[in-house]
Amino acid sequence: MTCKPHTVITRRTFSTGVTAAGLTAAAGPFNVLRAQGGALKVGVLLPRSGVQAGIGQDCQRGVEIAPGIFKDLGLPNLQIMNGDTESNPQIARAQAEKLINEGAQLLVGAFDSGQTTTIAQVAEQRGIPLVINIAAAPPITEQGYKFVFRNFPTAPMILGDAFANQKEIFAATGSAPKSAAFLHVNDTFGTAMQKGIGAVMPRFNMPYKIAETIAYDPRARDLSVEIAKAKATGADALLVVSRLNDAILLTRELVKQRWTPMAVLSMGPGWYEDQYLKTLGKLSDGPMSFVPWYDPNKKLSKQLEAVLAKAYPAINLNTNHIFTFEALLVAADAYKRAGSTDPKALADAIRKTNITDNVSIGPGIQFDAKGQNDKVKDAAIQNRDGKLVTLAPKAAANAKPDWPLKPYDKRG
Amino acid sequence: MPADIYLNVAVSGILTGLIYGLSTLGLSVIFGVIRIVNFAHGEIMVVGMFVTLVLFRHLGIDPLLSIPIVAAALFGFGFVLQDWVVRRVAHLADHMQFLLMAAVAVILISVCLMLFGPDAQGAQVGYAYDSLSIGPLIVDKVRLYAGLAALVVAAALFAFFRYAATGKAIRACGDNYLGAQVVGLNVRRLFALTFGIGTACLGAAGAILLLLIDVHPYLGPPLTLLAFIIVIVGGMGSLPGAMLGGVLIGASEAIAGLLLQPSLKSAFSFGLLILVLLVRPQGLLGKATQ
Chain A
2 MTCKPHTVIT RRTFSTGVTA AGLTAAAGPF NVLRAQGGAL KVGVLLPRSG VQAGIGQDCQ
62 RGVEIAPGIF KDLGLPNLQI MNGDTESNPQ IARAQAEKLI NEGAQLLVGA FDSGQTTTIA
122 QVAEQRGIPL VINIAAAPPI TEQGYKFVFR NFPTAPMILG DAFANQKEIF AATGSAPKSA
182 AFLHVNDTFG TAMQKGIGAV MPRFNMPYKI AETIAYDPRA RDLSVEIAKA KATGADALLV
242 VSRLNDAILL TRELVKQRWT PMAVLSMGPG WYEDQYLKTL GKLSDGPMSF VPWYDPNKKL
302 SKQLEAVLAK AYPAINLNTN HIFTFEALLV AADAYKRAGS TDPKALADAI RKTNITDNVS
362 IGPGIQFDAK GQNDKVKDAA IQNRDGKLVT LAPKAAANAK PDWPLKPYDK RG
Chain B
911 MPADIYLNVA VSGILTGLIY GLSTLGLSVI FGVIRIVNFA HGEIMVVGMF VTLVLFRHLG
971 IDPLLSIPIV AAALFGFGFV LQDWVVRRVA HLADHMQFLL MAAVAVILIS VCLMLFGPDA
1031 QGAQVGYAYD SLSIGPLIVD KVRLYAGLAA LVVAAALFAF FRYAATGKAI RACGDNYLGA
1091 QVVGLNVRRL FALTFGIGTA CLGAAGAILL LLIDVHPYLG PPLTLLAFII VIVGGMGSLP
1151 GAMLGGVLIG ASEAIAGLLL QPSLKSAFSF GLLILVLLVR PQGLLGKATQ
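One line per chain: the protein sequences are A and B, in this order.
Residue numbering for the first sequence follows our numbering, starting at 2 and increasing by one per position.
Residue numbering for the second sequence follows our numbering, starting at 911 and increasing by one per position.
This is how it looks when you write it as structure tokens:
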């Protein structure tokens, strides 16, 4: 057994220790001051795993490109706290609670209407502002909530703009389908859209009728029956409300079952996403998506495109990036004007938002008494050689429609 | 609705059902002999799909040609898992064994997520979008090849258990554990072989399934659930029952989707499951226990 030599405290050691302790004590108050005037803690809730993981991670890109642009715009920094909803509304609720307990002063999320609904309930109960990035189910902003804000169109708004943009395209091409088979996912978003189509379509006097409505599970591994059923209706066009994986499966079945409709008209995500373009190559060309989009002619859109292209060269700017970025823009702008992290002050500031230098289509970001931006507009976009072009509305268009859909068996 | 659509959908459903059946053989073999309910069934198949994907992407091996390689790799995995881990909990209560396999499943999901990320990924073979026309019947080539491959693998497995000495010895272990020990069979080795064969089936099924669906780490649990439905409908522990259950579920899901609503496909499978449990609890080809 060996004995450890006694530690001798020399005068030099003692002086060093005292100096260090003094510096630490002196720096303490500054730390406190920094914390009080520091970055706003924003809990970003997204489906980072589970069936919507790919889309959740795409939304995250909108978070990652924000800081540099905010700096240029003179907006304050945000401290991002990440939360994973696991594509599950009940986990979304638990994660929202967790982030608030850990100090989140504002929440952003959560891509999916079902998950956003549960988060909105938590935000309202706890009095923490929630800025919705993407969620279209109308009831979320119809509950009289005081802390919930949505800079994203509701299902009826998406549909109204979609039908208006479709008519603009039919007029431009001089051709229109007479009937359409309607395929939709049976989740919260898909069902809301299906109900909305029934309610909104008659008002627009569309040239086509819905030949059959076919609902399917978004987690389905095989959609051959769905396409066989749609093809059997003899419809001219395919109207779809889908997600990413099922959009890929539907396209594959169209090719295998040798059916090229006049047009694929999508009123949801999936058909324009990078993963769709990358996976299907030439087979991804042609579908038109009627979606909340960006105005390619706006100054901030060009900046966002450039920053995204630098950070992710193979990724096209899309809805997920745009609206997640804009949700953070709303948060940073409100924090700057409120000058406080107090949730009520932040909510009051968000209510008075008036951002005209933005990305999405429309006059800018403002919220009505229900917390809804009722001025945000949709676009009609088309997949073209792995890129996305805007066809309508005219004010935001940068290409003419490629019509009708090129037969799948003649694409080389 | 044109009559040919029923034929097209039924053929497609039967071909899909053959693959479901093959994947369920793995579960049935393991349960029939070792009496372990493999809760990591779907996750092991997902591992097989990812191995196939790696072979396809990096070595350009067609998923159908990679069946023996993937099956061999997963045989090794299953053999080691049984001999090093599962065997040591065989004496514990059933729920402990369930938890062990559930833990294996969670670990496999996490590893796949870490290595491959959450996105769905597929193998784009040259014939991915080809189909055959026989009169009004349009058959998806990939589904046809996959269904035939499933039949070949299942036939090879049946032949092994019927004619090979090792296969007969494994069946003896399943039929009478004590008797197998008494006659001097190396039960420990045979159990490891059985688990290996079960996971090899999953590897083969995974390689074939990759032709039809894209793989992602969270695909495991629905595949496990599907296998349980099939195996209960067909008869737990019965190999022909697993194939029959697969075809029955595949075809009935497809026809139900056509006649009713496609979103009711899963509900129809579960309805069939309840019906079988009420009318014939041992499954269509299972043996009734006292």
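C-beta: ideal position from N, C-alpha, C; glycine also.
Whole-angstrom C-beta distance between residue j and residue i, which should lie under 8 Å
i, j, result
"A:A264", "A:L107", "The Cβ separation is near 41 Å, so there is no contact."
"A:A111", "A:L46", "4 Å"
"A:N152", "A:V377", "6 Å"
"A:A121", "A:I141", "6 Å"
"A:A381", "A:M289", "6 Å"
"B:A1079", "B:L1100", "6 Å"
"A:P344", "A:G128", "5 Å"
"B:G942", "B:L1158", "Actually they are not in contact, since the Cβ atoms of B:G942 and B:L1158 sit about 19 Å apart, beyond 8 Å."
"B:F1105", "B:Q992", "3 Å"
"B:A1015", "B:F1068", "In fact, because the Cβ distance is near 28 Å, the residues do not count as touching under 8 Å."
Straight-line Cα distance separating residue j from residue i
i, j, result
"B:A1177", "B:V980", "33 Å"
"A:Y336", "A:A212", "50 Å"
"B:V1186", "B:V1141", "11 Å"
"A:F31", "A:D188", "Confidence is the limiting factor: at A:F31 the pLDDT is only 38, short of 50, which leaves the residue's position unreliable, though a coordinate-based value still follows. Approximately 50 Å between the Cα atoms of the pair."
"B:G936", "B:L1103", "12 Å"
"A:Q61", "B:V996", "40 Å"
"B:R1072", "B:L1149", "11 Å"
"A:N134", "A:G44", "12 Å"
"A:P262", "A:Q53", "28 Å"
"A:D223", "A:A248", "11 Å"
"A:T117", "B:I940", "43 Å"
"B:L1182", "B:G1193", "11 Å"
"B:P1191", "B:S1179", "16 Å"
"B:L1122", "A:S243", "19 Å"
"B:F1207", "B:L1054", "Lying outside 911 to 1200, the shown extent of chain B, residue 1207 of chain B is not represented and no answer is given."
"B:P1046", "A:K230", "15 Å"
"A:R35", "B:L1129", "Confidence at A:R35 is low in this model, with a pLDDT of 35, below 50, so the placement of that residue should be treated as unreliable; the coordinate-derived value is given next. So the two alpha carbons sit approximately 46 Å from each other."
"A:N384", "A:A307", "20 Å"
"B:A1114", "A:L251", "26 Å"
"A:A346", "A:L131", "13 Å"
"A:T192", "A:A312", "36 Å"
"B:G1036", "A:P157", "42 Å"
"A:E98", "B:M1024", "27 Å"
Member of the options whose CA lies at the smallest distance from the CA of residue i
i, options, result
"A:G471", "A:P405, A:N102, A:Q80", "It is not possible to answer for residue 471 of chain A, since the shown part of chain A is limited to 2 through 413."
"B:P1127", "B:A1114, B:K1051, B:G1027", "B:G1027"
"B:Q1034", "B:S933, B:R945, B:M911, B:L1120", "B:L1120"
"B:A1117", "B:I924, B:S933, B:A913", "B:S933"
"A:D286", "A:K99, A:L389, A:P130, A:A136", "A:L389"
"B:Y1087", "B:I1184, B:A913, B:I944, B:L1149", "B:I944"
"A:L329", "A:N317, A:D343, A:K345, A:T354", "A:T354"
"B:S1173", "A:F324, A:T357, A:L131, A:L184", "A:L184"
"A:I228", "A:A307, A:K257, A:I56", "A:K257"
"A:M82", "A:L76, A:K196, A:I101", "A:I101"
"A:L281", "A:S243, A:V292, A:L347, A:R253", "A:R253"
"A:Y309", "A:N298, A:P297, A:H322", "One detail in the question is off: residue 309 of chain A reads as Leu in this sequence, not Tyr. Per the Cα distances, A:H322."
"A:D358", "A:D334, A:S225, A:A221", "A:D334"
"B:S1020", "B:T926, B:I954, B:A1110", "B:I954"
"A:G372", "A:A348, A:A339, A:G387", "A:A348"
"A:V186", "A:L240, A:A163, A:T342", "A:L240"
"B:V1143", "B:N1096, B:K1051, B:A1060, B:K1197", "B:K1197"
"A:I70", "A:N319, A:P394, A:A397, A:Q304", "A:Q304"
"A:E327", "A:K168, A:L74, A:G51, A:G128", "A:L74"
Residues that residue i bridges to, as DSSP identifies them
i, result
"A:M289", "A:L266, A:Q383"
"A:Q151", "Residue identity check: residue 151 of chain A is Arg in the sequence provided, not Gln. A:R151 is bridged to A:I133, A:Q373."
"A:M82", "A:G44"
"A:T391", "A:I382"
"B:D1050", "B:S1041"
"B:H1005", "DSSP output for B:H1005 lists no bridge partner at all."
"B:Q1031", "B:V1125"
"A:S180", "A:K210"
Neighbouring residues, chain E, relative to residue i (Cβ below 8 Å)
i, result
"A:A216", "Structure shown: chain E not included; protein chains present are A and B."
Counting Cβ pairs, one atom from each stretch, are 3 or more of them under 8 Å apart for the stretch 917–929 of chain B and the stretch 1161–1170 of chain B? Judged by Cβ distances under 8 Å, the stretch 917–929 of chain B makes contact with the stretch 1161–1170 of chain B, as three or more pairs qualify.
Is the stretch 963–973 of chain B close to the stretch 1136–1155 of chain B, with three or more CB pairs under 8 Å? The stretch 963–973 of chain B, when compared against the stretch 1136–1155 of chain B, does not touch it at the 8 Å Cβ threshold.
Touch test, the stretch 91–102 of chain A against the stretch 61–75 of chain A, Cβ-Cβ under 8 Å, three pairs minimum: no
Cβ pair count under 8 Å reaching 3, the stretch 224–237 of chain A against the stretch 168–188 of chain A: yes
At least three beta-carbon pairs within less than 8 Å, the stretch 96–105 of chain A to the stretch 362–379 of chain A: no
Does the stretch 143–150 of chain A come within contact of the stretch 341–355 of chain A, defined as at least 3 CB pairs closer than 8 Å? They touch, by the three-pair rule.
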